[in-house]
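Here is the structure we will look at, set down as structure tokens.
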Amino acid sequence: MKNLFLALFLFASASAFSQTAYEKTMTDKIAQVQQQKTADEFTALANDFKRIGDKEKTQWLPYYYAAFATIQKGRLAMRDGKTADLDPIAAEAQKSLDMAMSLNADNAENYILQKMIHGLKMMVNPQERFMSEGMLAAEALSKAEKLDAQNPRISLMKAEDIYYTPEQFGGSKAKGLETFQKSLDQYKTYKAKSAIDPNWGQDEAEYFLANKP
Amino acid sequence: MQTFIISKLLALFGIILSCSLTAQITVAGKVNFKNKGVKDISVTLKDTYDGATTDESGAFTFETSEKGNLILVFSNPKFVEIEKAVTIDNQPVTVNVDLKEQISEIDAVVISAGSIEASDRKRATVLLTPIDIYTTAGANGQVTSALETLPGVQKVGETEGLFVRGGTGSETKFFMDGNLVNNFFGNSVPGLKAMDRLNTSLFKGNVFSSGGYSALYGQALSSVLVLESIDFPEMNSVDIGISPIFLSAGFQNVDDAKTKSFGISAAYSNLGLVTEILKFNTDFIKAPRSIGTNFNFRIKNKMGGILKYYGSFDENTLGIQEESLEPETDYSQTSLKGTNTFHNLSFKQKFGNYLLNIGSSYSYNRNLIGLNDIFENAEFNANSIDSKGNYFNSKATVERKINRISAVRGGIEFNKTREETVVALSPLNYRFDEQITSLFAETDLGFSNDFSAKVGLRTEHSAALDRWNLAPRAALAYRISKKWTSSLAYGIFYQNPENQFIGKYPLNFQRAEHYILQVQKSEEGRSLRLEAFYKNYRDLIKTRLEDYRPVAISNNGDGFAQGIEFFWRDKKSLKNIDYWVSYSFLDSKRNFQNYDRSLFPNFAAKHTLSVVAKKFVVDWKTGFNISYSYASGRPYYNFMTDTNGDYYLNNQGKAKDFSALNFSMNYLPFLGRKDAKSFTVLVLSVNNILAQKNNYGYNFSNDGLRSRPILPSADTFVFIGAFISFGIDRTQDAIDGNL
């Protein structure tokens with residue numbers, strides 16, 4: 001009896017311990033996503049997440065964050081005008097996202113990343129690709145919206161697009177800020193499913209609202 | 214006892230815990246490729262969270278508490294993954310590895326000698342996409358006119374056809390989804406250039422080869438233009454085009470899954486109004502008119518195979534009058550009625566490692582030309598030429614991938630031609646039948662991402678000539694550095710004597726040998742190409758006038774063409790401006806057809822320069838495009854015949870240099886408007902805005918004593934049009950959300 005108890009105790013603590021290790025490592029790494037500044041740092045971080053994903057096998061979040069870190073690297077390249085790098089980066093992100101999607105198919109968060117990947121690809125040549133990639137991006141975002149209408153990251157994506165679209169094309173800074181505000185309001189009520197579920201974006205909405213033109 | 218157990222257990226826990234906390238072993242090392250450290254390699258201790266990513270120098274280091282025999286994995290998409298066994302106990306571990314390059318389609322060097330590619334497949338050399346063509350001033354939205362702004366293509370204004378590197382217009386062949394397109398240009402009369410028959414927007418990409426092209430294509434001594442039609446339209450749409458010279462309407466339907474689509478469109482054009490308003494050099498007694506319609510459908514099967522059909526019918530008429538150079542004749546008049554139908558069916562599917570591509574095309578073309586002279590208001594010398602041509606082409610190609618970047622492909626092609634010409638004044642009807650059967654095989658060999666080769670062989674049998682030919686072709690590409698690549702191409706090309714010259718004499722294939730050397734630099738937003746070529750012509754036909762008709766009597770002609778070409782495109786240096794410059798130098802001599810000696814061909818210019826620039830001003834929703842083209846003066850010749858029918862050179866000279874500045878503007882009034890129901894483009898274009906007086910050469914009277922310049926039909930041409938598209942979809946959302 002005592003042995004059984006001991007065995008149970010050890011088993012329980014072991015599994016509890018490993019659960020914590022996963023969560024602890026993930027929490028550490030997730031915190032880093034927002035702090036990275038260089039492409040190499042994002043690459044290293046995406047590799048770290050992939051490693052965790054390969055070990056855990058049933059968890060979609062490590063692959064989700066691997067894709068997210070890669071997308072962030074792409075956005076960095078986009079800001080620096082290195083559009084030739086975007087296709088390979090998008091392909092790399094897509095690989096991780098496909099893994100995440102295969103583990104958790106109908107999840108709005110994955111579709112939000114899918115939208116961002118199409119956005120990166122479109123920026124390689126907007127004039128030519130907006131008909132294909134632009135429409136796929138819009139499609140991905142509307143799928144996300146169907147799955148989780150209140151997700152503040154959906155509003156954040158829309159706000160970014162509207163903010164940066166010239167007025168001639170139907171966007172405006174003012175309309176963009178309205179949508180950032182909507183997103184911020186959603187962040188205040190939206191609860192992430194767990195401590196390690198996606199929870200990013202509030203800073204960005206706040207940043208835009210604080211730096212009104 | 215119990216406390217003892219617990220304390221023992223705690224101690225045990227403590228030991229385990231402290232072990233795992235203190236016994237962090239450092240794993241470090243260096244990852245090299247070709248003796249140089251590489252960054253961004255993911256180093257993973259298999260089935261653990263532990264690992265690191267290499268830095269600039271290829272070094273990595275991480276700590277782990279794992280013990281025992283483990284596997285270290287080195288991975289990065291650009292390299293072959295490596296696994297290395299390691300034993301970890303109490304000592305720091307050092308592991309160094311050398312990587313092998315992962316050969317991939319994206320990184321592999323592309324053979325580009327002689328070819329200019331604009332499809333999405335090989336991104337590095339993307340040039341002249343449909344949007345580029347529509348926004349090139351002076352191109353009138355036509356593929357072939359836009360290609361005239363690229364190096365190697367001659368600006369020939371009086372005859373249709375692509376004249377490439379000292380080749381005649383008939384030395385360039387056109388293909389749609391692999392199948393031959395006969396009568397690529399609309400029907401016309403000598404001195405007037407006809408437009409492309411196929412609409413630019415049908416195609417997603419094109420490969421234009423100015424020499425050294427693949428063994429998949431044949432019967433073209435100079436060049437091929439391979440057009441690839443779009444797979445599925447993006448959306449349902451209704452399109453309308455309105456202009457003083459034409460009206461067009463069409464619709465396109467596609468299902469949501471993009472597995473089925475069909476479309477139909479029709480167009481009517483009439484130059485009548487414009488010939489009244491603008492000053493034309495050509496005196497039209499009947500303004501060019503045409504009416505045409507086309508259909509298409511596409512079906513995708515469950516296995517991803519795509520069946521595509523495109524078919525068209527059109528009819529055009531025109532009549533011109535010229536002052537006659539002959540005595541006792543005031544005018545000569547020419548009228549034309551052209552009828553054409555073209556059908557193209559193609560099917561493409563993957564079966565495992567194999568890709569099957571089969572297709573057929575059929576064209577029927579009829580040209581009815583009426584001729585008569587006028588003297589003191591009376592018609593005389595009436596004649597007519599009625600020519601009908603039936604052309605059938607079919608082709609099957611099978612391709613097998615060998616590894617990531619190597620492939621073999623082979624296939625068979627079959628061409629059947631039947632032409633019949635009836636000349637009212639001649640008792641003899643002219644008939645021509647031909648059947649060409651071709652076999653071809655080609656292999657792409659990728660030795661590494663930096664070195665690849667293409668080796669091909671083609672053989673053709675012509676029933677009319679009753680002969681076989683054998684044409685080997687080869688090309689190499691080598692990447693010199695990250696931005697620079699070089700490529701080299703060689704090939705033998707055969708073409709039958711032009712059908713209209715075939716008579717009773719036994720003939721052989723005409724032959725050209727191409728040597729091409731290219732260096733190319735491509736970087737973000739900019740590309741530079743330098744190409745040198747040498748083309749050797751043999752067995753060109755020589756003609757003689759027999760029964761009022763030039764007839765090929767032998768293959769004793771020959772010639773050469775050599776030159777240097779320069780191309781520079783830059784989308785980066787000037788903000789929001791995309792421009793390109795091309796320059797070609799050509800040196801050529803030919804003794805063929807009616808030439809009685811070696812001469813610089815009258816369809817070629819020694820120096821050709823073209824500059825194209827475009828700018829889109831977002832605030833005005835308007836694009837401004839200009840282009841300038843220059844060609845040094847072409848030679849002209851007057852050949853006359855002796856009593857034997859043999860030609861001799863009676864007179865020669867040189868036309869003056871050609872130059873034209875073209876301008877076009879496109880205004881998109883509803884761009885980005887959320888409530889817009891339609892997408893509208895308004896176009897204004899002016900060709901030769903400075904009204905330069907250009908001429909292409911001279912026509913001579915029968916006795917060679919009088920001549921008249923060959924002029925463009927209008928010096929300056931103005932086009933205004935509106936293109937409206939009613940998309941039945943969410944395109945507008947896409948624009949709003951994503952630009």
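Chains as they are written, first to last, in the numbering used here: chain A, 1 to 213; chain B, 214 to 952. Here a beta-carbon is modelled for each residue, glycine too, at the ideal position from N, C-alpha and C. From a predicted model like this one, the values you see are computed outputs, not experimental measurements.
If you reduce the DSSP assignment to three classes, tell me which class D771 (chain B) lands in.
The answer is strand: DSSP assigns D771 (chain B) an E or B state.
Cβ of T20 (chain A) less than 8 Å from any chain B Cβ?
With 8 Å as the cut-off, T20 (chain A) does not count as an interface residue toward chain B.
Opposing strand residues paired with S478 (chain B) [DSSP bridges]
B:G463, B:N507
Check whether the region 491-500 of chain B and the region 508-515 of chain B touch, using three or more Cβ-Cβ pairs below 8 Å as the test.
no
Give the residues from the region 439-461 of chain B that approach chain A closer than 9 Å (Cβ to any Cβ), ordered along the chain.
E447, M448
What did DSSP end up calling T338 (chain B) once you bin it into helix, strand or coil?
Residue confidence for T338 (chain B) is low, a pLDDT of 47 falling below 50, so the modelled location carries little weight; the figure read from the coordinates is stated next. In the three-state reduction of the DSSP assignment, T338 (chain B) falls in the helix class.
Is there a Cβ from chain A that is less than 8 Å from the Cβ of P290 (chain B)?
yes
Taking only three categories from DSSP, how would you classify W833 (chain B)?
helix
Can you say whether D679 (chain B) is buried or exposed, counting buried as having 16 or more other CB atoms within 10 angstroms of its CB?
exposed
Between the Cα of K906 (chain B) and those of B:A868, B:F892, B:E318, spot the shortest distance and give me the residue it belongs to.
B:A868
Closer than 8 Å to chain B by CB, T25 (chain A):
yes
Check distances from the C-beta atoms of the region 52-69 of chain A to those of chain B and list, in chain order, the residues that come in under 8 Å.
So the list reads I52, D54, K55, given in the order they occur along the chain.
Put L538 (chain B) into one of helix, strand or coil per three-state DSSP.
In the structure shown, L538 (chain B) adopts coil according to DSSP, grouped into three states.
Between the Cα of N717 (chain B) and the Cα atoms of B:K629, B:R757, B:E737, B:I615, which residue gives the shortest distance?
Reading off the sequence, residue 717 (chain B) comes out as Lys, not Asn. When each option's Cα is compared against that of K717 (chain B), the closest is B:R757.
Which one of B:V896, B:H727, B:I587, B:V894 has the shortest CA to CA distance from R378 (chain B)?
B:H727
Sort B:Q865, B:N248, B:A637, B:E318 by Cα distance to D309 (chain B) and report the nearest one.
Reading off the sequence shown, one finds Asn at residue 309 (chain B), where the question assumed Asp. Closest option to N309 (chain B), Cα to Cα, is B:N248.
Could you pull the DSSP bridge partners for S700 (chain B) from this structure?
Beta-bridge pairing links S700 (chain B) to B:A690, B:Q731.
Give a yes or no on contact between the region 738-753 of chain B and the region 368-376 of chain B, applying the rule of three or more CB pairs nearer than 8 Å.
no
Taking T43 (chain A) as the query, report the chain B residues whose CB atoms sit under 9 Å from its CB, ordered along the chain.
K252, D253, S255, T266
Ordered along the chain, which non-local residues of its own chain (more than five positions away) have a Cβ less than 7 Å from that of G776 (chain B)?
Within its own chain, the residues whose Cβ lies closer than 7 Å to the Cβ of G776 (chain B), once the five positions on either side in sequence are excluded, are R378, F746, S797, F798, L799, D800, listed in chain order.
Using a cut-off of 7 Å between C-beta atoms, extract the partners of Y262 (chain B) located in chain A.
Listed along the chain, the chain A residues whose CB falls inside 7 Å of the CB of Y262 (chain B) are T25, R51, I52, K55.
Cβ-Cβ distance between L584 (chain B) and I625 (chain B) below 8 Å
Not a contact, by the Cβ cut-off of 8 Å.
Can a CB atom of chain A be found closer than 8 Å to the CB of E276 (chain B)?
no
Answer yes or no: does any C-beta atom of chain A fall closer than 8 Å to that of E737 (chain B)?
yes
Expressed to the nearest angstrom, what Euclidean distance is found between the alpha-carbon atoms of T413 (chain B) and N353 (chain B)?
10 Å
Looking only at its own chain, which residues have a Cβ that is under 7 Å from the Cβ of A337 (chain B), when we skip the five neighbours before and after it?
At A337 (chain B), the pLDDT of 43 sits below 50, so the modelled position is not reliable and the matter cannot be decided from this model.
Report all residues from its chain with a CB closer than 6 Å to the CB of N596 (chain B); omit the five preceding and five following residues, and keep chain order.
L584, A637, L638
If I follow the unbroken alpha helix (DSSP H) through I214 (chain A), where does it start and stop?
No answer is possible for residue 214 (chain A): it lies beyond the span of chain A, which begins at 1 and ends at 213.
So D28 (chain A) contacts chain B; which residues on that side make the cut at Cβ distance below 8 Å?
Residues of chain B whose Cβ lies closer than 8 Å to the Cβ of D28 (chain A) do not exist; the shortest such Cβ separation is about 10 Å.
Other residues of its chain near Q114 (chain A): CB distance less than 7 Å, five sequence neighbours each side excluded:
If we look at Q114 (chain A) and ignore the five residues flanking it on each side, its Cβ neighbours are L97, A140.
Give me the chain B residues within the contact set of T83 (chain A), using Cβ-Cβ distance strictly less than 9 Å, ordered along the chain.
Among the residues of chain B, those whose CB is under 9 Å from the CB of T83 (chain A) are E737, G738, following chain order.
Test: S172 (chain A) CB closer than 8 Å to a CB of chain B:
Output row for S172 (chain A): interface = no.
Show which residues of chain B have a CB atom less than 9 Å away from the CB atom of E92 (chain A).
P290
Check the Cβ of S183 (chain A) against every Cβ in chain B and list those closer than 8 Å, keeping chain order.
Within chain B, not a single residue places a beta-carbon under 8 Å from that of S183 (chain A); the smallest gap is close to 15 Å.
Could you compute how far the alpha carbon of I766 (chain B) sits from the alpha carbon of Y860 (chain B)?
12 Å
Output yes if chain B places a C-beta closer than 8 Å to the C-beta of E47 (chain A); else output no.
As written in the sequence, residue 47 (chain A) is Asn, which differs from the Glu given in the question. So, interface residue.
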